[in-house]
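J.: Quick one: the structure is below, questions incoming.
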Amino acid sequence: MRIAILGFGSVGRGIARAILQKDLGITVTGLADSKSGLIDPDGIDIEAALARKQETGALGDPAVRPIDVVRDAEYDVLVEVTPTDAVTGEPALTHIRTAIELGRHIVTSNKGPIAVAYADLAAAAEKRGVCLKYEATVCGAIPLIHGIGEGLAGNSVSRLYGIFNGTCNFILTRMSEEGLTYEQALLEARELGYAEADPTYDVKGIDAAIKLVILANTVFQRQSTLQDVDITGIDQLTPEALRLAEEQECTIRLIGEIAPAENILRVSPRILQKSHPLVVEGTLNAVTVETDMAGEITLIGKGAGSIETASAVIGDLIFIRDRYVKGT
Amino acid sequence: MKLEMKDTPGQLVAALKPISSVGGNIIAVIHQRDPSSTAETLDVQIVLELPEGRLERLLELLREQGVDVVRLGEERLLHQSSLILIGHLMHTDLSDTVDRIDKTGFAEVTEISLVMPAIDQPSSARITVRSVNLDDMKEAIAILRSVAQQKDILMIEPLEEI
Chain B
1 MRIAILGFGS VGRGIARAIL QKDLGITVTG LADSKSGLID PDGIDIEAAL ARKQETGALG
61 DPAVRPIDVV RDAEYDVLVE VTPTDAVTGE PALTHIRTAI ELGRHIVTSN KGPIAVAYAD
121 LAAAAEKRGV CLKYEATVCG AIPLIHGIGE GLAGNSVSRL YGIFNGTCNF ILTRMSEEGL
181 TYEQALLEAR ELGYAEADPT YDVKGIDAAI KLVILANTVF QRQSTLQDVD ITGIDQLTPE
241 ALRLAEEQEC TIRLIGEIAP AENILRVSPR ILQKSHPLVV EGTLNAVTVE TDMAGEITLI
301 GKGAGSIETA SAVIGDLIFI RDRYVKGT
Chain E
1 MKLEMKDTPG QLVAALKPIS SVGGNIIAVI HQRDPSSTAE TLDVQIVLEL PEGRLERLLE
61 LLREQGVDVV RLGEERLLHQ SSLILIGHLM HTDLSDTVDR IDKTGFAEVT EISLVMPAID
121 QPSSARITVR SVNLDDMKEA IAILRSVAQQ KDILMIEPLE EI
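As they're listed, the protein sequences go chains B and E.
Take 1 as the starting number for the first sequence in the UniProt record's numbering and just add one per residue.
Take 1 as the starting number for the second sequence in the UniProt record's numbering and just add one per residue.
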């Protein structure tokens with residue numbers, strides 16, 4: 001199977017390395033980041049591209065733009081892992097739309113286009129007979145979307161809730177364990193590389209809300225946007241609040257919750273008993289799915305990281321390879 | 001509840017047994033024998049907790065045991081939820097915040113733990129609300145949510161009943 005990869009940041013490189021290390025039957029024929037690109041129908045030398053990127057910051061020809069790779073490379077699946085724009089979904093949205101029109105399957109870790117235009121993209125993909133996969137957009141390594149769509153197929157899901165942001169979970173874990181203030185815990189998260197220089201998206205609950213929108217629209221077939229989510233972040237939390245929770249053998253976690261029957265679409269700090277399965281430590285994510293036949297299922301795992309996100313992308317690629325592309 | 005039963009051995013046990021069989025929890029049994037009384041019956045007062053919707057079944061079982069229920073007391077508030085409030089709680093009139101729940105008649109604030117680290121910093125409080133049933137609890141929390149919004153207080157709700 002031939003793929004084109006757009007985006008050569010930590011996720012793109014994680015995917016490239018996994019392809020190098022594992023015998024997956026995958027050849028990369030197109031590759032681009034924001035500065036340069038490569039197209040080779042016989043397969044790109046990934047090792048050389050990784051080395052060039054490391055040395056020069058560019059992986060190939062500066063004249064080759066991502067959209068050129070989408071149009072001109074010969075590939076079965078477009079892997080779209082460029083940076084996310086949660087408001088417009090661009091430029092990823094154009095890359096994905098163009099590839100679908102050309103009859104190519106899509107695998108993406110890009111939250112923007114899926115949150116903004118899932119219904120359109122899914123309809124276009126269906127019309128064109130191609131597959132649109134986006135496991136890596138929500139909860140990194142946790143096979144949540146596949147788990148619900150395939151493993152729990154036939155169940156009806158009544159409620160879905162959990163921890164969707166590892167940075168917030170890390171901050172709350174540290175506040176609770178060490179009695180740190182919010183500012184101290186955030187500083188530590190930054191020093192360890194868990195929080196961005198501008199942590200607004202994480203700590204205000206926006207990142208978790210975008211993931212909820214994706215799940216609401218894909219799992220529950222809603223037509224939600226970010227504006228529909230009732231969002232409260234963790235930046236107003238005090239160490240005293242965590243201590244008061246602690247006195248009752250409880251703690252506080254940032255919980256995203258979807259309950260369509262009650263019209264709940266909400267991200268907010270919540271009090272949980274410490275023994276609750278969703279009380280996970282550090283940067284972990286955890287999600288509980290309430291279903292009619294299987295009851296409650298809780299999935300716990302790493303929500304971010306290049307290898308972990310690559311794991312979700314590779315899973316989607318192999319799904320497509322085995323069901324759609326095999327033998328071609 | 002106040003029960004009346006025959007003053008013969010084993011009657012008290014017979015009266016208490018149905019309570020545990022419907023999942024109830026006995027809090028107190030007040031059983032005072034009046035030596036001067038010549039009555040053949042005995043009065044016993046019992047304070048108990050019952051899961052929702054089990055009272056009818058309990059009364060039925062007691063009747064089968066030959067125990068008369070003379071009087072049924074007030075229902076206690078059995079559902080409990082702890083919430084945390086963060087903000088300028090005193091400056092926004094904490095007693096008014098509490099009163100908005102208490103005056104509903106179906107729920108009340110039974111406990112407050114307040115921490116005020118410094119005069120210019122937000123305080124944090126854990127408040128415990130009790131209600132007769134789950135729907136009342138949901139309504140009480142909704143009232144508190146809107147009060148918190150009005151007063152610019154961050155309210156942290158439990159994920160499940162705590």
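Don't be surprised by glycine CBs; every beta carbon is placed ideally from N, CA and C.
Please report the Cβ distance between I255 (chain B) and I163 (chain B), rounded to the nearest whole angstrom; I am assuming they are in contact, meaning their Cβ atoms lie under 8 Å.
T.: About 7 Å separates the two Cβ atoms, so the contact holds.
J.: Find the nearest neighbour of A99 (chain B) within the set B:E90, B:A122, B:R71, judged by alpha-carbon distance.
T.: Among B:E90, B:A122, B:R71, the Cα nearest to that of A99 (chain B) is on B:R71.
J.: Helix, strand or coil, according to DSSP, for A286 (chain B) in the structure here?
T.: The answer is strand: DSSP assigns A286 (chain B) an E or B state.
J.: Starting from I255 (chain B), find everything on chain E with Cβ-Cβ shorter than 7 Å and list it in chain order.
T.: Result: L159.
J.: Are three or more beta carbon pairs between the stretch 218-228 of chain B and the stretch 166-179 of chain B nearer than 8 Å?
T.: Output reads no: the stretch 166-179 of chain B does not touch the stretch 218-228 of chain B.
J.: At the level of alpha carbons, what is the spacing between K53 (chain B) and E80 (chain B)?
T.: Cα to Cα, K53 (chain B) sits roughly 18 Å from E80 (chain B).
J.: Could you tell me the distance, in whole angstroms, from the CA atom of L55 (chain E) to the CA atom of I142 (chain B)?
T.: Taking the straight line from one Cα to the other gives about 46 Å.
J.: How would you list, in chain order, the residues of chain B whose beta-carbon sits under 8 Å from the beta-carbon of L3 (chain E)?
T.: None at all; the shortest Cβ gap to chain B is about 35 Å.
J.: Is V130 (chain B) helix, strand or coil by DSSP?
T.: In this structure, V130 (chain B) counts as coil in the three-state DSSP scheme.
J.: Given that residue 166 (chain E) touches chain B, what residues does it touch there, using C-beta distances under 7 Å?
T.: With chain E represented from 1 up to 162, any question about residue 166 (chain E) goes unanswered, as that position is not in the structure.
J.: Look at the Cβ atom of G289 (chain B), then the Cβ atom of V157 (chain B), and state whether they are nearer than 8 Å.
T.: Checking the sequence, you will find Val at residue 289 (chain B) rather than Gly. Yes; because the gap between Cβ atoms is below 8 Å, this pair is in contact.
J.: Could you name the residues that DSSP lists as bridge partners for L6 (chain B)?
T.: In DSSP, L6 (chain B) forms a bridge with B:A32, B:E80.
J.: Drop a sphere of 10 angstroms on the beta-carbon of R126 (chain E), count the other beta-carbons inside from all chains shown, and report buried for 16 or more, exposed for fewer.
T.: Buried.
J.: By the three-class DSSP mapping on this structure, what secondary structure does N217 (chain B) have?
T.: Of the three classes helix, strand and coil, the one that applies to N217 (chain B) here is helix, per DSSP.
J.: Less than 8 Å between the beta carbons of H95 (chain B) and V77 (chain B), yes or no?
T.: No; because the gap between Cβ atoms is not below 8 Å, this pair is not in contact.
J.: In three-state terms, what does DSSP make of Q45 (chain E)?
T.: Here Q45 (chain E) sits in strand by DSSP.
J.: Skipping 5 residues on each side, what residues in its chain have a beta carbon closer than 6 Å to that of S36 (chain B)?
T.: Answer for S36 (chain B): A58, L59, G60, D61, P62, listed in chain order.
J.: Using a Cβ cut-off of 8 Å, pull out every chain B residue sitting near A58 (chain E), in sequence order please.
T.: Note that residue 58 (chain E) corresponds to Leu in the displayed sequence, not to Ala. The premise fails here: L58 (chain E) is roughly 30 Å from chain B at the closest Cβ pair, so nothing lies under 8 Å.
J.: Give the residues of chain B in contact with I86 (chain E), contact being defined as C-beta atoms less than 9 Å apart.
T.: Per Cβ cutoff of 9 Å: Q236, L237, T238, E240, A241.
J.: Keeping to the same chain, check which residues put their C-beta closer than 7 Å to that of A304 (chain B); ignore five residues upstream and five downstream.
T.: Counting only Cβ-Cβ distances below 7 Å, and skipping sequence neighbours, we find G140, G166, T283.
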